[in-house]
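What follows is one structure encoded as structure tokens, with my remarks underneath.
Residue numbers (this note's numbering): 810 to 1182.
Below, the structure is given as structure tokens:
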């Protein structure tokens, strides 16, 4: 049964991405669906209203009109409280949700009986996260760029150049987590000629990183004492920890941060899942940093939104095939047929069907296969 797919403009602080580019609109319409796009939704990402209209979308002036006309809402970032009243019972939602760090949103989606699929928990059979990976790649690269900027004296940093120059020491960068974010952060740090160390609990992952980086990166299986020692001697610490769908563990304590030299930098890329640094709290692109324990913290929860064009192109290329399945069969039908989408389910008919989110908030969990019947 054809659906009306709605694309509202993102309203999180300086979030420039859009959930669907004009080519995607054309594909949906080709498959018999209707697409409603809020005027200006693609502007920051470089897509004009005219391009959406030429692709066949219907342009409307407000988010309320998008939600009111649509069966399936596709977004980039999780809904914020001002958007809650726009949802109605039975709406379908496809977006990043990060519910393990947001009890209020979790309870709202349950109360409103929104059927939701979270990009970040759509998981292939091999354990890979195809809809999270491209934004993790962007966030990892930008994390190192942000750290380099924060080290500058005008930003409150210690006035250290990442790679130094002849006769001066390079910055010491410790990256906690060797997954996609950590790998990309390390690549940029190595390119800047910093002294780089990556900590990860998975020896096989470290072996892979060793093959890629050769001897240019120090690779360590951490324990608490080692982590504390490495953090204390670092100019930059990047938190890049991921437990898919779950709240991030606090691996870097306040005591560790306090042991760093004044003007050092901490970047918590895991902040959208609650953060892996004890002193971290969410910041925005408008006010990206704060100083705690003498350390400059950069904890922007939507890092890729700052490079809206690149991020939109990368994201929509991987979300569109799943979006076409959901539009064709509905969230329930698509999840029955596609195991990756089944694993990506968050809420369904007022039931919480994500085990990591249920554990994070101590809420009742329902097995999605049982709910689907």
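Note that the Cβ used here is the ideal one computed from N, Cα and C, for glycine as well.
Check                                                                                                                         : Outcome
Cβ shell of residue 828 (< 6 Å), same chain only, five flanking positions each side left out                                  : 816, 883, 884 and 885
Extent of the continuous alpha helix (DSSP H) to which residue 992 belongs                                                    : 989 to 1000
Validate contact between the region 1095 to 1111 and the region 1072 to 1085 using beta carbons, cut 8 Å, 3 pairs             : yes
Same chain, Cβ closer than 6 Å to residue 848, neighbours up to 5 away in sequence not counted                                : 858, 868 and 870
Close-in-space but distant-in-sequence residues of the same chain around residue 979 (CB under 7 Å, 5 per side omitted)       : 971, 972, 973, 1002, 1003 and 1004
Neighbourhood of residue 1029 by C-beta distance below 6 Å, restricted to the same chain and skipping five residues each side : 1008
Pick from 1108, 1095 and 1082 that is closest to residue 1089, judged by C-alpha positions                                    : 1108
Residues that DSSP places opposite residue 1076 in a beta bridge                                                              : 1047 and 1107
Integer Cβ distance of residue 1040 from residue 1098, believed to fall under 8 Å                                             : Actually they are not in contact, since the Cβ atoms of residue 1040 and residue 1098 sit about 18 Å apart, beyond 8 Å.
For residue 877, three-class secondary structure by DSSP                                                                      : helix
Touching by the beta-carbon criterion (3+ pairs, under 8 Å), the region 1040 to 1056 and the region 982 to 998                : yes
For residue 1125 and residue 836, the rounded distance between their alpha carbons                                            : 12 Å
Inter-residue CB distance, residue 1113 and residue 826 (contact presumed, cutoff 8 Å)                                        : 7 Å
Residue 1120 to residue 1055 span [Cα, whole Å]                                                                               : 23 Å
Opening and closing residue of the beta strand (DSSP E) in which residue 847 lies                                             : 843 to 847
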